[in-house]
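Sequential numbering from 15 applies to the sequence shown in the numbering used here.
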Amino acid sequence: MKDDDCVKFLQGILPRLGYRWKGFRKVRKQVCKRIDRRIRELDLSDLPSYRQYLEMHKEEEKVLDFLCNITISRFYRDQMVFSRLETEILPLLAEKMKDWPKQVRCWSVGCCSGEEPYTLQILWKLSVLPQVETDISLRILATDRDGSLIERAKKGFYPEGTFKDMPPEWKVQAFEKGENNFHIQESFQQDVQFLEQDIRVDLPDGEFELILCRNLVFTYFRDDLQQEIFHRMMIKLKPGGFFIVGIHESIPEGQNILIPVGKCIYKKRTY
């Protein structure tokens, strides 16, 4: 499949699925390879024939939607974000919850294979708790629409390449080395719950002091869908809670719910 042909196809089909082309420009090869594989699976000849197949088989849109799922994740991705979480945000939230209910609730949206929520739990137990000297817990709910990624996250096995950004001492303390991979220790799996859930359709129960929605909604989704999901997520964020997006992302314009407190980091107003 030629790159130009795939680009034209994606530019035409992505808005129909709720996505925007801008977010896929740099990662399109991942999606194009999957589409090319799907065309061969269906024994079709080319993209025009696949386009016709889509028109005749509406259920294929669900398959294509999953083919467009971008799965780029690693531990401690974007050091600046985790540094702020470690030194400022999480200690502040821990102090607020010190007496009751002695827990901080966090929602990791689009968690892929679990690298983000596990990084948070490792950071919490190895760095934050020694700072605040309390037995308060960090309860993390991690959601992703891909059930296979959720199952992988629950098992907790990771290849060497996913650790390139993580402090080496944390890797030693939190993981057990296997023959070809590393397995996260059980103590760091505690208080991390994984749930198969599509942010476009469902929301988890309860409210959260911290929500991380990085490199998903505000990169890949259509603008109107971004607005819709943003306001739904704000219902789940407690007043005074923190909302974090990707370092190259921005939240919808015109909102007055969040106050910026740093690059890609926001705090919900308390009024």
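Where a beta carbon is used, it is the ideal one built from N, C-alpha and C, also for glycine. Remember, predicted model here, so these are calculated numbers, not experimental data.
- Looking from the CA of R51, the closest CA among C20, S201, I27 belongs to C20.
- Nearest neighbour of D160 by Cα position, chosen from D92, K76, H262, turns out to be K76.
- For L224, the enclosing beta strand (DSSP E) has its first and last residue at 222-226.
- The way I'd put it, the segment 232-251 doesn't touch the segment 199-209; fewer than three beta-carbon pairs between them come closer than 8 angstroms.
- Straight-line measurement puts the Cα of L99 at about 10 angstroms from the Cα of L224.
- Taking each of K22, L56, C82, E165 in turn and checking the Cα distance to H71, the smallest one comes out for L56.
- Q117 is bridged by DSSP to S151.
- According to the DSSP assignment, Q66 belongs to no beta strand (DSSP E) but to the alpha helix (DSSP H) extending over 61-70.
- Contact between the segment 76-91 and the segment 123-136 is present, with at least three C-beta pairs closer than 8 angstroms.
- Residues of the same chain with a CB within less than 6 angstroms of the CB of L28, apart from the 5 flanking positions on each side, are W35 in chain order.
- For W114, the number of other beta carbons within 10 angstroms of its own is below 16, and it is reported as exposed.
- Here I103 has L224, F256, I279 as same chain residues with Cβ atoms under 8 angstroms from its own Cβ, once five neighbours each way along the sequence are excluded.
- Within the segment 163-239, the complete alpha helix (DSSP H) segments of 4 residues or longer fall at 182-188, 200-203, 231-234, listed in chain order.
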